[in-house]
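Chemist:
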Amino acid sequence: RAALPTLAVDPDEDARSRMRSLVIDGIKFEITDDSERIEGRRLDVDPRELRRLRRARYGIDGTLDLHGLRLEAARDAVEAFVCKRQRDGDRVVSIVHGKGNHSPGGHAVLRGEIAAWLSHGRVARHVAAFATAPHDEGGAGALLVLLAR
1 RAALPTLAVD
11 PDEDARSRMR
21 SLVIDGIKFE
31 ITDDSERIEG
41 RRLDVDPREL
51 RRLRRARYGI
61 DGTLDLHGLR
71 LEAARDAVEA
81 FVCKRQRDGD
91 RVVSIVHGKG
101 NHSPGGHAVL
111 RGEIAAWLSH
121 GRVARHVAAF
131 ATAPHDEGGA
141 GALLVLLAR
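Residue 40 in the UniProt record's numbering sits at position 40 of the sequence shown, with consecutive numbering throughout.
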């Protein structure tokens, strides 16, 4: 497994960044979660883009596997990965969070957290949409992320 880039997180800067993305950037997401699938898109993104993403109509430019990472390390990895991939001009990435089969309670702990990070966190401005991956791309254990242009 390749070493993940690290991103130091200052709690105050994190809060300021979240407020900036909500207030200054005006970034708002519409999110749906039926406990099997989760998806979201920025309100300024065409709904057809989300449909294409959901059906894996894009090639996947990179994958981040979060298996074995604790919450804070996973957040740092997601933020660094999304920022770098968007900066590099990638369009779609996959974030593998797992299905939670080996987690307490048997549910995917990171799934909802990742959706929150992508839609309200430091990287929200880099994200256009996200959706649970189709079965052959990881299914309920992965999210596809459409990066902003």
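A virtual CB, placed ideally from N, CA and C, is assigned to each residue, including glycine.
Just so it is clear, the structure is predicted and the values come from calculations on it, not from any experiment.
CB ALA129 to CB LEU53, shorter than 9 angstroms?
Modeler: Taking 9 angstroms as the cut-off, the beta carbon of ALA129 is found closer than this to the beta carbon of LEU53.
Chemist: Taking the alpha-carbon of ALA73 as reference, which of SER94, GLU30, ALA56, GLU113 has the nearest alpha-carbon?
Modeler: GLU113
Chemist: Over the uninterrupted alpha helix (DSSP H) stretch that includes ASP76, give me the two end residues.
Modeler: 71-87
Chemist: Just how far apart, CA to CA, sit GLU49 and LEU110?
Modeler: 24 angstroms
Chemist: Would DSSP call ILE27 helix, strand or coil?
Modeler: coil
Chemist: Give the DSSP-derived three-state secondary structure of ARG52 in the structure shown.
Modeler: The answer is helix: DSSP assigns ARG52 an H, G or I state.
Chemist: Assuming ILE95 contacts LEU66 (C-beta within less than 8 angstroms), just tell me the rounded distance between them.
Modeler: About 7 angstroms; that satisfies the 8 angstroms criterion.
Chemist: Report back the beta-carbon spacing between ALA124 and ILE27 to the nearest angstrom; my notes put them in contact at under 8 angstroms.
Modeler: 5 angstroms
Chemist: On a Cα-Cα basis, can you pick out the residue from ASP34, PRO47, GLY68 that is closest to LEU146?
Modeler: PRO47
Chemist: Spatial neighbours of LEU43 within its chain, please: CB distance less than 8 angstroms, with the 5 preceding and 5 following residues excluded, ordered by chain position.
Modeler: Closer than 8 angstroms at the Cβ level, and outside the excluded window around LEU43, lie LYS28, PHE29, GLU30.
Chemist: What residue range does the beta strand (DSSP E) around VAL123 cover?
Modeler: Here VAL123 belongs to no beta strand (DSSP E), and DSSP marks it neither H nor E.
Chemist: If you follow the beta strand (DSSP E) that ALA140 is in, where does it begin and where does it stop?
Modeler: Element bounds for ALA140: n/a, residue is neither H nor E.
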